[in-house]
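Have a look at the structure below, then the notes.
Quick look at the structure:
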């Protein structure tokens, strides 16, 4: 019995030959890797709120792009890059100040998003604009967008690679990085640009309001199971790709299970990430418990307590 025969029940007919599926797998894989690289630093720096804010800000960009008749990816990128620049300009060094700057930009952008989504609804005969912007539609992406996403993803990853050491130092200790001569504001601006691009790409994949899940989820899982930043980045990328591909498969197969009305791809990807995060938590607790028991069982471990 071949591997193809064993795996055939998992794949509905036409899965691998379908062009929308091929585009979805390629785009999902690229975006997952970019999100994994940037997401690890987002979690380490404690800027998950900034990532979430940029995903919401992207809603304004995507809806504005739809209103003027250009690609939603263009709107996501333009608005998120501008927002990242404004956040860096008005941001303060302390985390509380960064959150304040993020909140100000987020509030203004959500107001614009409400206006643009309303105009999309009343001025266009095309249905589903709001759903596509908010929750994505990876099965409807044109084949040519893969190259654009690959280029933007490469720029985001290249920024992180160039800034890797000073970015890691400033993420651990802002004051220490400044004392050692690291241009922390410039490094922070470069990181925010990489974050803006990563969030824009994930918004195309699973929608603006769910893109944080692909940015933060795999990174949080990786940091639970890895102690070194480089290893965590690799694990986050693998987890993200796995979630995107399995979620795409479930969404495709669900068209048969649900009688023609398949589940949204964004829901399936986020659900897989949640399950993997839950499993990683269980594994982490079991491993920690095992290490504690092993420490207690070591000869002489209790002697200091008796002497005390």
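Numbering (the working numbering), first residue to last: 81 to 388.
C-beta atoms are modelled at their ideal positions from N, C-alpha and C, and glycine is treated no differently.
Computed from a prediction, not measured in an experiment: that's the story for all the values here.
**Asked** For residue 160, which three-state DSSP category applies?
**Response** Here residue 160 sits in helix by DSSP.
**Prompt:** Residue ranges of each alpha helix (DSSP H) run of no fewer than 4 residues wholly in the stretch 116–170, ordered along the chain?
**Reply:** Contiguous alpha helix (DSSP H) elements confined to the stretch 116–170 occur at 128–148 and 152–170, taking only those with 4 or more residues.
**Message:** If you measure between the beta carbons of residue 272 and residue 164, is that distance less than 8 Å?
**Reply:** Yes, the Cβ-Cβ distance between residue 272 and residue 164 is below 8 Å.
**Item:** Cβ neighbour criterion (16 or more within 10 Å) applied to residue 99
**Value:** The C-beta of residue 99 has fewer than 16 other C-beta atoms within 10 Å across all chains shown, which makes the residue exposed.
**Prompt:** Are there 16 or more other CB atoms within 10 angstroms of the CB of residue 223, so buried, or fewer, so exposed?
**Reply:** Exposed.
**Message:** Taking the straight line between their C-alpha atoms, what separation do you get for residue 358 and residue 257?
**Reply:** So the alpha carbons of these two residues sit roughly 34 Å apart.
**Request:** My understanding is that residue 226 touches residue 107, with C-beta atoms under 8 Å, so please give their C-beta distance in whole angstroms.
**Result:** The C-beta distance from residue 226 to residue 107 rounds to 6 Å, short enough to fall under 8 Å.
**Message:** Using 8 Å for Cβ pairs, my map puts residue 131 next to residue 317. What's the rounded Cβ distance?
**Reply:** Wrong, their Cβ atoms sit about 16 Å apart, outside the cutoff.
**residue 248 versus residue 213 - alpha carbon distance** = Answer to the nearest angstrom: the Cα atoms are 33 Å apart.
**Message:** Comparing C-alpha positions only, which one of 367, 347, 308 and 368 sits nearest to residue 324?
**Reply:** Among 367, 347, 308 and 368, the Cα nearest to that of residue 324 belongs to 347.
**Message:** Taking the alpha-carbon of residue 121 as reference, which of 219, 152 and 295 has the nearest alpha-carbon?
**Reply:** Of 219, 152 and 295, the residue nearest in Cα terms is 295.
**Asked** For residue 98, does the three-state DSSP call read helix, strand or coil?
**Response** Correct three-state label for residue 98: coil.
**Message:** Just to confirm, is the Cβ distance from residue 146 to residue 344 under 8 Å?
**Reply:** Inclusion of residue 146 and residue 344 in the CB contact set at 8 Å is not warranted, their separation being larger than that value.
**Request:** Could you tell me how far apart the beta carbons of residue 327 and residue 352 are, in whole angstroms, since I believe they sit closer than 8 Å?
**Result:** Here residue 327 really is in contact with residue 352; their C-beta atoms are around 5 Å apart, less than 8 Å.
**Request:** Could you round the C-beta distance between residue 238 and residue 168 to whole angstroms and report it? I think they count as a contact, below 8 Å.
**Result:** Not quite, the Cβ-Cβ distance comes to about 19 Å (not below 8 Å), so this is no contact.
**Item:** Between the CA atoms of residue 243 and residue 267 - distance to the nearest angstrom
**Value:** The alpha-carbon atoms of residue 267 and residue 243 are separated by roughly 7 Å.
**Message:** Suppose you measure from the CA of residue 276 to the CA of residue 304; what does that come to, to the nearest Å?
**Reply:** Approximately 25 Å, taken between the alpha carbons.
**Request:** Would you mind giving the Cβ-Cβ distance between residue 124 and residue 251, rounded to the nearest angstrom? I have them listed as a contact below 8 Å.
**Result:** The C-beta separation of residue 124 from residue 251 comes to about 5 Å, placing the pair in contact by the 8 Å criterion.
**Request:** Output the distance between the C-alpha atoms of residue 142 and residue 283, rounded to the nearest integer angstrom.
**Result:** Spanning the two alpha carbons is a distance of roughly 9 Å.
**Request:** Could you say which of 182, 299, 149 and 260 lies nearest to residue 199 if we only look at CA atoms?
**Result:** Looking only at 182, 299, 149 and 260, the smallest Cα-Cα distance to residue 199 is reached by 149.
**Prompt:** What residue from 298, 334, 311 and 329 has the CA that sits closest to residue 355's CA?
**Reply:** Considering only alpha carbons, the answer is 298.
**Asked** When burial is assigned at 16 or more other CB atoms within 10 Å of the CB, is residue 369 buried or exposed?
**Response** Note on residue 369: under 16 other CB atoms within 10 angstroms of its CB, so exposed under the neighbour-count rule.
**Prompt:** Does the Cβ-Cβ distance between residue 280 and residue 157 come in under 8 Å?
**Reply:** Taking 8 Å as the Cβ cut-off, residue 280 and residue 157 qualify as a contacting pair.
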